[in-house]
Amino acid sequence: MSFFGPGHGACPGCGLTIATRNVLEALEGKCFVSNSTGCLEIVSSQYERSAWGVPYIHSLFENAAAVAAGIELALKALKRTDEGKVVVFAGDGATADIGIGPLSGMLDRNHDVIYICLDNEAYQNTGNQQSGLTPTGSNTTTMPAGELMPGKTGRKKDMISIAVGHGIPYVATATVAFYADLRRKVKKAAEIEGAKYIQIHTPCVTGWGIDGKQTLESARLAFETALYPIIEYENGELTKVRKIKDRKPVEEYLRIQRRFRHLFKHPKGQEIIRILQKIADDNAAKFNLDV
Amino acid sequence: MKKVVRGFYSIAHSVKLCKPNVIAAYPITPQTEIVENLAKMYSNGELGDCEYVTAESEFGAASILVGASAAGARTFTATCSQGLVLMSEVLLNAAGMRLPIVIVNTNRALSAPLSIWNDHQDSMLLRDGGLIQIHVETNQEAHDMVPLAFKVAENPRVMLPFMVNMDGFKLTHAYEPVDLLDQEIVDSFLPPYEPPVYMTTKNPLTFGSYAPPHCYAEFRVTLQNAMMRALDEIEKAYKDWAEITGRYWGGHAVGEYTDDAELVVVSMGSLTGMVRDVVNEMRREGKKVGLLKLRTFRPFPVKEVRNALKNANKILVFERAVSFGYEGPVGIEVKSAIFGFTPEFYSFAVGLGGRDVPREEIVKIIGDVYEGKVEQGFHFGTIKEFEEVVV
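Just so you know, the sequences run in chain order U and C.
One rule links them: number in my numbering = place in the first sequence (from 1) + 2.
One rule links them: number in my numbering = place in the second sequence (from 1) + 150.
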C-alpha cells in the first residue's frame, strides 16, 4: 500500500502532495499523521476515499500540533513509541495564524513531533485569502490589488525565527524544488529527539496563478531570487544554507505568477518590487547565500 | 475508608484509581486544585505510567486529549466556565469522533461581567454538543461518578465524551466526609481501556474524515443513537456500581414523595440538599410537596422525568442558568418531557454568579408556589432593586 494516494483530489501540479509524499517516503511510512483543516486534508480525507496509508487524524483547523502532542504522549504512556514518529502537516494559515498558540505550546514543551508547515502562502483551500505567510504584494481575495491597494502591504511572518526562538533542536526550510534535500531534512529530523519544525515552500497552481507545469520552476525561482532561503538550524545555530549561484532579480519570480502580475502596472507596484528585492538582498546577506 | 476531604481531592483521588494514560491540565478557578492534586501525585510518582502535561490553554488541553484518545489512551481533564467555552470547539469535535474523554466541569458562571462563582451557565452552553452530562449533589457522588464516567464513556455501545458537573466552590472547596475508593474496587469495576479502533501503524486508519452531504447525516444519526443507548448503559453501570460498593445513586432522576405530591420541585446539583431539607420539613407540616433530583442532563431522561411528574398538579424548577430570550434551560427540558400533561409550571433562576441562596429564599419560593401566590412561568430569585439604564 502506498503511504499517500492514489485517490486524492489535488490539482495537477499541486505542491502540497509532492511535499507530503516525500515526507512520508522519507519516514518509510512509520508515522502517525495529525493534519489541520485545509487543502491537504480536503483533497485526501473524504470518508471512504482516504488517500492515507498511514494512521491519520484530522481534528480541527487550529489544533493539529496539540493533537500530535497528545498522540506522542499516548504512545509514551502505552509504551508504543517504536511504532513510528508523530508528524504534523499543517498549512501556512493553520501554522502562522489560527494555530500558532497550540504550535507554540507543542514546541515549548518540546514534544517528539516533526511539524511540517506546508507553505503555499495563503488560505488556498478556500480560494486564496491572505495569511500571515502571504508575501508582500501578493494579490489575494481578502486584500486584492485595486486602484488604491497593491495587494498585501505587510511582511511575510518570520516563522523560522519564531520556531528557533522556542529553543527546539531542529528548524529548517525546504522546497519541493529540491526534494532530495527535503527528504534528507525529514530523515535528519526523525533522528533527533524533541520538537522539529520544517517549513516547506509548496506552490499552489490556482492561488498563485501558474501552470501545473510551473510548480517546480516557481519553487526554484523563489530560492534562486533569495525570497525563500533554504536553511537549517540545529540547537539554535544556523548550521547549513543552500548557496545560490548567480542570484536572480525578484522580477523573474514575480513575473510568472498571476498573484504578482499587477505589480508591473500598479502605481505602487515598483515600490513593492523594490521592497521585495530588499527582502531578498537582506536574506542573501543575513544567510550569506551568494556563492 | 472515610476521610474528610475537599471536593478537589475527591475527584483527584478517584481519577488516580482509574489509571488514566494521559492527563492534560490548564488552571482555572475553581477547578485548579483538581489538576494541582493530580500534578502532585504525578510528581510523586503515584500515577504509574500516566503522562501528565500542562497545556498552553484549555483549547490545547482538550486537543491533546483528542490525539491521545484517538491513539488509544484513557484521558482526563478538568475545567469550567471560560475554559469550557474555549474547549467547546474541541469537545464537540471529540463527540463527533466518538472519543471517550472524561471531563470534570466545576460549574462556574460566564463572562460578562466576569464572575468566578458558581452557577450552571457554562455546561448549559454545551447542551447540544453530544457530550454525556451529569450533575452531582455531593462530593461522595462526585467521587463515585469518575470511574462510572470512564466505564460508560468507553463502553463500545456508547463511545462518547463524558462530563461530570460539580458545583464550583459549593462542592470543590467544601470539606465533606467521603468514603474514598480503593484500587481493588475500582479495578474490579473498570478494566483497562480497550478501544475498538485506535491509531496504530499496524492497522493504519483515517480518523476525522470529512463527510459530504451524501453521508454526513448518518454520522449524526449514530451520534444520536449512541446518546440514547447511553441512557440504558448508564443505568447498568449504576447497578454494577451498587453491587460492588453498596452505593446506588438512584439512576437518572431520583424522585422523593412524587407519587402523591401536588407540587414537585425539580433541582439539579448541590442546591438539591437544601431543597430536600425544605421539602422534608413541609412534608412534616402535612404539605404535599415532592422532590425530583435530576442527575442526568444529557442524554435527557424523558421517561424517568415523565414518570416522576405524572401526578403533580404543580411543577417548580430551580434553575442555575438562563437561556436568554426564553427561560431557564432545565425548565425548557422538563416542560418538553411532560408534553401532554397540563400541570401549572414555575421556574426560578437562583444563585446566578454565586449569589448565596439562603434557606429562607427556598422556603419562600416553594411556599408561595404551593399556596398559589406566584404567577406561572419564569422568574428570577432574589434580585436587589436597581435601575436599569436604557438609552
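We put the CB at the ideal spot given by N, CA and C, even for glycine.
Rounded to whole angstroms, what is the Cα-Cα separation between residue i and residue j?
i: C:I542; j: C:A292; result: Not covered by the structure: residue 542 of chain C. The range shown for chain C is 151 to 541.
i: C:V455; j: U:W54; result: 47 Å
i: C:G396; j: C:M377; result: 27 Å
i: U:E149; j: C:L236; result: 41 Å
i: U:D248; j: U:I194; result: 34 Å
i: U:A179; j: U:L229; result: 14 Å
i: U:E74; j: C:Y366; result: 30 Å
i: U:P231; j: U:G214; result: 23 Å
i: U:A282; j: C:V240; result: 40 Å
i: C:L331; j: C:L167; result: 8 Å
i: C:A303; j: C:N430; result: 35 Å
i: U:Q48; j: U:G9; result: 10 Å
i: U:E85; j: U:Y58; result: 14 Å
i: C:F468; j: C:F528; result: 10 Å
i: C:S231; j: C:V254; result: 12 Å
i: U:F266; j: U:G101; result: 34 Å
i: C:S486; j: C:A205; result: 40 Å
i: C:F450; j: C:T288; result: 21 Å
i: C:S417; j: C:G481; result: 10 Å
i: U:A224; j: U:K245; result: 13 Å
i: C:G358; j: C:M247; result: 6 Å
i: C:D427; j: C:V513; result: 10 Å
i: C:P341; j: C:M151; result: 22 Å
i: U:A96; j: U:T143; result: 18 Å
i: U:A286; j: U:V188; result: 24 Å
i: U:G7; j: U:L29; result: 16 Å
i: U:E219; j: U:R261; result: 16 Å
In the DSSP assignment, find the alpha helix (DSSP H) that holds residue i and state where it starts and stops.
i: C:G157; result: 157-167
i: C:S486; result: 479-487
i: C:A283; result: Note on identity: in this sequence residue 283 of chain C is Gln, with Ala being the wrong assignment. Not the alpha helix (DSSP H): C:Q283 falls in the beta strand (DSSP E), residues 282-285.
i: C:Y388; result: 366-395
i: U:P331; result: No answer is possible for residue 331 of chain U: the residues shown for chain U start at 3 and end at 293.
i: C:I184; result: 182-193
i: U:D183; result: 181-193
i: U:I274; result: 271-289
i: U:A76; result: 66-79
Given residue i, which residues of its chain have a CB within under 6 Å of its CB, disregarding the five upstream and five downstream residues?
i: U:V56; result: F5, G31, C33, V35
i: U:D110; result: H168
i: C:N463; result: E412, P493
i: C:P180; result: T256, G318, F319, T322
i: C:V154; result: Y325, P327
i: C:I384; result: V302
i: U:V89; result: C33, V35, I116
i: C:A244; result: V216, I251, P311
i: U:G15; result: V207, G214, T217
i: C:Q290; result: V328
Between residue i and the rest of its own chain, which residues show a CB-CB distance below 7 Å, the 5 nearest in sequence each way excluded?
i: C:P524; result: Residue identity differs from the one stated: residue 524 of chain C is Val in this sequence, not Pro. Y496, D518.
i: C:L249; result: V216, S219, A220, P311
i: U:N24; result: Y181, L184, R185
i: U:N112; result: I170, G196, A197
i: U:V69; result: S36, I59, S61
i: U:I277; result: T138
i: U:K270; result: P152
Beta-carbon within less than 8 Å of residue i's beta-carbon, same chain only, minus the 5 sequence neighbours each way: which residues are those?
i: C:T408; result: V414, G440, L441, L442, A458, L459, N461, A462
i: C:Y398; result: Y388, K389, W391, A392
i: C:G501; result: N268, D269, L421, R470, V507, G531
i: U:T227; result: R249, K250, P251, V252, E254, Y255, A282
i: C:I173; result: V165, V185, L188, Y192, L197, C200, E201, Y202, V203, T225, F226, T227
What residue range does the beta strand (DSSP E) around residue i cover?
i: C:T422; result: Per DSSP, C:T422 belongs to no beta strand (DSSP E); it is in the alpha helix (DSSP H), 422-434.
i: U:Q201; result: 198-203
i: U:C41; result: Taken as a continuous stretch (DSSP letters only), U:C41 belongs to no beta strand (DSSP E), being part of the alpha helix (DSSP H) at 41-46.
i: C:E494; result: 494-499
i: U:K87; result: 87-93
i: C:R509; result: Element bounds for C:R509: not the beta strand (DSSP E) but the alpha helix (DSSP H), 509-520.
i: U:V115; result: 115-121
i: C:G405; result: 403-406
i: C:V416; result: 413-417
I'd like to confirm something about residue i: is its beta-carbon nearer than 7 Å to some heavy atom of the ligand ZN, or not?
i: C:G217; result: No copy of the ligand ZN occurs in the structure displayed, which carries no ligand at all.
Any 3 or more C-beta pairs closer than 8 Å across the stretch 105-123 of chain U and the stretch 63-71 of chain U: yes
Is the stretch 150-162 of chain U touching the stretch 122-140 of chain U in the sense that three or more CB pairs, one from each, lie closer than 8 Å? yes
Pairs of beta-carbons, one from the stretch 194-212 of chain U and one from the stretch 114-124 of chain U, closer than 8 Å: are there three or more? yes
List in chain order: all unbroken alpha helix (DSSP H) runs of 4+ residues lying wholly within the stretch 197-251 of chain U. 207-210, 217-226
Counting only runs that start and end within the stretch 235-303 of chain C, where is the beta strand (DSSP E) found for 3 or more residues in a row? 252-257, 282-285
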